[in-house]
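Q: Sharing a structure below in structure tokens format, with a few things to ask.
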Amino acid sequence: MNKNEKMTLVPNLRFPEFGSAGEWQVSKLDEIAGRLTEKVGDRQLTTLSISAGVGFVSQAEKFSRDISGKQYENYIFLKKGDFSYNKGNSKKFPQGCIYELKEYDEAAVPNAFISFRFYENYVSSFYKGYFENNFHGKQLKKFITSGARSDGLLNINPSDFFSIILPTPRKKEEQQKIADCLSSLDDLITAEGKKLEALRAHKKGLMQKLFPAEGKTLPECRFPEYRNGGQWKIKSLGSKAIKVGSGATPLGGEANYKNSGRPFIRSQNVGWGYLILDNIAYIDEATHQDSISTEVHSGDMLLNITGASIGRCAVADYRVTGGNVNQHVCIIRTKVDELSPWFLNQYLLSVYGQKQIESFQAGGNRQGLNFAQIRSFSVPIPSIIEEQYRIADCLTSLDDLIAAQTKKIDTYNEHKKGLMQGLFPSIEEVGE
């Protein structure tokens with residue numbers, strides 16, 4: 005293909021009314037959009053930053069203050085519908101991320117961003133699909149010859165950035181149709197996300213009422229049948245446990261993991277009140293027998309005790325019974341006729357339980373929880389075991405709703421991902 009020719013493509017999925025609209029044309033970004041360089045000057049606008057995976061956020065929200073300082077007058081003036089490229093790398097966008105301004109009619113962004121506006125004959129929101137799938141990053145990686153600069157930004161110059169190619173339907177109407185389709189899915193996912201947050205907030209509020217506040221021996225709310233059940237007693241977790249301990253990673257590490265056998269539970273398998281078993285590892289019988297003391301029993305409470313997931317906990321069920329844990333997961337086996345593991349699990353998930361866990365991490369100590377600290381946890385316990393189960397059942401039912409809502413959102417996201425793969429060409433078709 006010579007420099008005067010245009011590459012053309014046809015997506016795998018196309019709306020019927022555009023079936024005969026011809027091939028898509030592949031144009032460079034600088035052919036369909038112009039760079040924005042107008043400074044904010046003396047305009048008083050909200051200063052924004054970009055968070056990978058989120059989008060535009062105010063500096064006050066991200067940094068707890070406006071960090072523009074004397075550089076404010078050099079910030080770039082943005083209008084709703086404009087885009088900015090943040091050259092900072094992240095796990096999701098190793099070559100930087102691009103977002104459309106939707107939250108504000110006008111705003112100010114750092115001139116370290118490369119900001120641009122699509123020309124009038126192009127539907128700007130159509131291109132979000134490319135940027136969400138890191139279509140730009142897969143092209144930009146060839147220009148990155150070294151690591152991030154001292155300011156944490158990648159060495160991407162504007163001319164290289166504007167050389168990325170974005171296949172585009174020739175008809176503006178087709179661009180709009182695709183943009184509207186994906187936007188409707190985004191609206192649905194956002195609405196379902198709000199339902200999920202509402203469920204989480206409801207559970208959090210309910211937990212604060214069903215468990216006594218710090219220093220109290222009675223909760224704010226109590227089920228009617230237990231209102232005459234007397235004061236709760238504050239006990240150390242150790243006094244109600246028959247086992248507090250963790251395991252170890254088998255010699256040889258991941259090389260010893262199998263596709264079947266005994267479940268081997270790691271910190272990533274323990275969520276906020278539920279087990280995450282999509283990526284469960286397995287060990288063979290010999291390895292299990294070498295670590296028989298860490299065998300998981302049904303009803304054991306599993307607590308993450310190190311790393312970023314510290315404090316996450318769940319109760320073991322039939323799916324992991326007979327398995328083992330590694331050194332990052334603690335088994336807490338309670339005297340079940342005195343302390344329900346499901347009740348304990350919900351208490352540790354509450355703001356009161358998490359506060360105790362965090363207290364051992366004060367002062368930047370991220371060494372994790374030791375067994376003595378875990379045994380020292382103070383747990384308010386109703387004297388009637390049935391009341392413990394009543395509270396646990398109530399909160400667990402909310403966990404089930406939260407898990408179902410989370411799965412629903414995941415399904416919508418997978419549907420959107422698959423749809424985008426059909427509606428847009430892949431980078432392999434275009435060529436990196």
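Residues in the sequence shown are numbered from 5 upward in steps of one, following the working numbering. Here a beta-carbon is modelled for each residue, glycine too, at the ideal position from N, C-alpha and C.
If you drop the 5 nearest sequence neighbours on each side, which residues of the same chain put their C-beta closer than 7 Å to that of residue 16?
A: Position 12 of the sequence shown, counting from 1, holds the residue named residue 16. 426, listed in sequence order.
Q: If you compare alpha carbons, which of 44, 324, 173, 222 is closest to residue 282?
A: In the sequence shown, counting from the first residue as 1, residue 282 sits at position 278. Out of 44, 324, 173, 222, 324 has the C-alpha closest to the C-alpha of residue 282.
Q: At 4 residues or longer, and completely inside the region 152–187: list those alpha helix (DSSP H) runs for me, N to C.
A: Those alpha helix (DSSP H) runs which fall completely within the region 152–187 and span 4+ residues are 162–165.
Q: In chain order, which continuous runs of the alpha helix (DSSP H) of length 4 or greater are located wholly inside the region 24–106?
A: 33–36, 63–67, all fully within the region 24–106.
Q: Return the residue from the list 361, 255, 245, 72 that minimises the CA-CA distance to residue 304.
A: Indexing the sequence shown from 1 puts residue 304 at position 300. It is 245.
Q: Taking C-alpha atoms, which residue in 177, 95, 114, 110 lies nearest to residue 124?
A: Numbered from 1 along the sequence shown, position 120 holds the residue referred to as residue 124. When only C-alpha atoms are compared, the closest one is 177.
Q: For residue 242, which of 342, 234, 175 has the nearest alpha-carbon?
A: If you number the sequence shown from 1, residue 242 lands on position 238. Of the candidates 342, 234, 175, the one whose C-alpha sits nearest the C-alpha of residue 242 is 342.
Q: Below 8 Å on the Cβ atoms is my guess for residue 170 versus residue 416; work out the distance and round it to an integer in Å.
A: Here residue 170 is taken as the residue at index 166 of the sequence shown, counted from 1. Here residue 416 is taken as the residue at index 412 of the sequence shown, counted from 1. Contact flag wrong, Cβ pair sits at about 25 Å.
Q: Can you tell me whether DSSP reads residue 18 as helix, strand or coil?
A: Position 14 of the sequence shown, counting from 1, holds the residue named residue 18. Looking at residue 18 - three-state DSSP - the assignment turns out to be coil, as it is neither helix nor strand.
Q: Can you look up residue 408 in the DSSP assignment and give me helix, strand or coil?
A: On the sequence shown, residue 408 is found 404 positions in, with the first residue counted as 1. Residue 408: helix per DSSP, three-state reduction.
Q: Unbroken beta strand (DSSP E) runs of length 3 or more, entirely within the region 310–382: which are they?
A: The qualifying runs are 317–319, 333–338.
Q: Would you give the residue range spanned by the alpha helix (DSSP H) that residue 252 belongs to?
A: Locating residue 252 in the sequence shown gives position 248, where the first residue counts as 1. Run containing residue 252: none; DSSP gives neither H nor E here.
Q: Assuming residue 361 contacts residue 314 under a Cβ cut-off of 8 Å, what Cβ separation, rounded to an integer in Å, is found between them?
A: Stepping through the sequence shown from its first residue, residue 361 is reached at position 357. Stepping through the sequence shown from its first residue, residue 314 is reached at position 310. Rounded, the Cβ-Cβ distance is 7 Å, consistent with contact.
Q: For residue 247, which of helix, strand or coil comes out of DSSP?
A: Within the sequence shown, the letter at position 243 stands for residue 247. Looking at residue 247 - three-state DSSP - the assignment turns out to be strand.
Q: Can you give me the C-alpha to C-alpha distance between residue 240 and residue 381, rounded to a whole angstrom?
A: On the sequence shown, position 236 is the one that residue 240 refers to. On the sequence shown, position 377 is the one that residue 381 refers to. Each residue's alpha carbon lies about 5 Å from the other.
Q: Alpha carbon to alpha carbon, how far is residue 401 from residue 338? Give it in angstroms, no decimals.
A: Working through the sequence shown from its first residue, we reach residue 338 at position 334. Working through the sequence shown from its first residue, we reach residue 401 at position 397. Rounded to whole angstroms, residue 338 to residue 401 spans 22 Å at the Cα level.
Q: With burial defined as no fewer than 16 other Cβ atoms inside 10 Å of the residue's Cβ, what is the status of residue 334: buried or exposed?
A: Within the sequence shown, numbered from 1, the residue matching residue 334 stands at position 330. Result: buried.
Q: Please list, in chain order, all residues of the same chain as residue 107 whose beta carbon is under 7 Å from its beta carbon, the five residues on each side excluded.
A: Residue 107 sits at position 103 when you count from the first residue of the sequence shown. Counting only Cβ-Cβ distances below 7 Å, and skipping sequence neighbours, we find 60.
Q: In terms of DSSP beta bridges, what is residue 439 paired with?
A: One cannot answer for residue 439 here, as it falls past the ends of the chain, which runs 5 to 436.
Q: So for residue 129, helix, strand or coil by DSSP?
A: Residue numbering aside, residue 129 sits at position 125 when the sequence shown is read from its first letter. Of the three classes helix, strand and coil, the one that applies to residue 129 here is helix, per DSSP.
Q: First and last residue of the alpha helix (DSSP H) that includes residue 139?
A: Looking up residue 139 in the sequence shown gives position 135. That run of the alpha helix (DSSP H) goes 139–144.
Q: According to DSSP, simplified to helix, strand and coil, what is residue 3?
A: No answer is possible for residue 3: it lies beyond the span of the chain, which begins at 5 and ends at 436.
Q: Taking all protein chains shown into account, decide if residue 359 is buried (16 or more other Cβ within 10 angstroms of its Cβ) or exposed.
A: Taking the first residue of the sequence shown as position 1, residue 359 is located at position 355. Exposed: under 16 other Cβ atoms inside 10 Å.
Q: Mind checking who residue 211 pairs with in its DSSP beta bridge?
A: Sequence index remark: in the sequence shown, residue 211 carries index 207 (1-based). DSSP lists no partner for residue 211.
Q: When you compare only the Cα positions, how much space is there between residue 154 and residue 161?
A: In the sequence shown, residue 154 corresponds to position 150, counting from 1. In the sequence shown, residue 161 corresponds to position 157, counting from 1. Note that residue 154 scores 48 on pLDDT, short of 50, meaning its location in the model is unreliable and no value can be drawn from it.
Q: May I have the straight-line CA-CA distance separating residue 406 from residue 309, to the nearest angstrom?
A: As a first step, residue 406 must be located in the sequence shown, where it is residue number 402. As a first step, residue 309 must be located in the sequence shown, where it is residue number 305. Straight-line Cα distance between these residues: approximately 24 Å.
Q: Quick check on the DSSP output: the beta strand (DSSP E) that includes residue 279 runs from which residue to which?
A: Sequence index remark: in the sequence shown, residue 279 carries index 275 (1-based). That residue, residue 279, is in no beta strand (DSSP E); it is neither H nor E in DSSP.
Q: Between 145, 148, 285, 186, which lies nearest to residue 418 when the distance is taken from Cα to Cα?
A: What you label residue 418 is simply residue 414 of the sequence shown in a count that begins at 1. Looking at the Cα atoms, 186 is the closest of the given residues.
Q: When DSSP labels each residue in this structure, what does residue 136 get in the three-state scheme?
A: What you label residue 136 is simply residue 132 of the sequence shown in a count that begins at 1. Helix.
Q: Determine the closest residue to residue 420 out of 387, 214, 391, 189, with distance taken between C-alpha atoms.
A: Reading the sequence shown from its first residue, position 416 is the one you call residue 420. Nearest of 387, 214, 391, 189 to residue 420, Cα basis: 189.
Q: Among the residues of its own chain, which have a CB less than 7 Å from the CB of residue 286, if the five just before and after it don't count?
A: Taking the sequence shown and counting its residues from 1, one reaches residue 286 at position 282. 261, 262, 263, 264, 265, 266, 267, 268, listed in sequence order.
Q: Which residues bound the beta strand (DSSP E) around residue 115?
A: As a first step, residue 115 must be located in the sequence shown, where it is residue number 111. Element bounds for residue 115: n/a, residue is neither H nor E.
Q: Quick one: give me the first and last residue of the beta strand (DSSP E) that residue 308 is part of.
A: Position 304 of the sequence shown, counting from 1, holds the residue named residue 308. Segment 305–308, the beta strand (DSSP E) holding residue 308.
Q: So, is residue 37 buried or exposed, given that buried needs 16 or more other C-beta atoms within 10 angstroms?
A: Mapped onto the sequence shown, residue 37 falls at position 33. Looking at its Cβ environment, which holds 16 or more other Cβ atoms inside 10 Å, residue 37 is buried.
Q: Using alpha carbons as the reference points, say which of 316, 141, 40 lies closest to residue 354.
A: Here residue 354 refers to the residue found at position 350 when the sequence shown is read from its first residue. Among 316, 141, 40, the Cα nearest to that of residue 354 belongs to 316.
Q: Compare the C-alpha of residue 168 against each of 159, 47, 143 and name the closest.
A: Mapped onto the sequence shown, residue 168 falls at position 164. Among 159, 47, 143, the Cα nearest to that of residue 168 belongs to 143.
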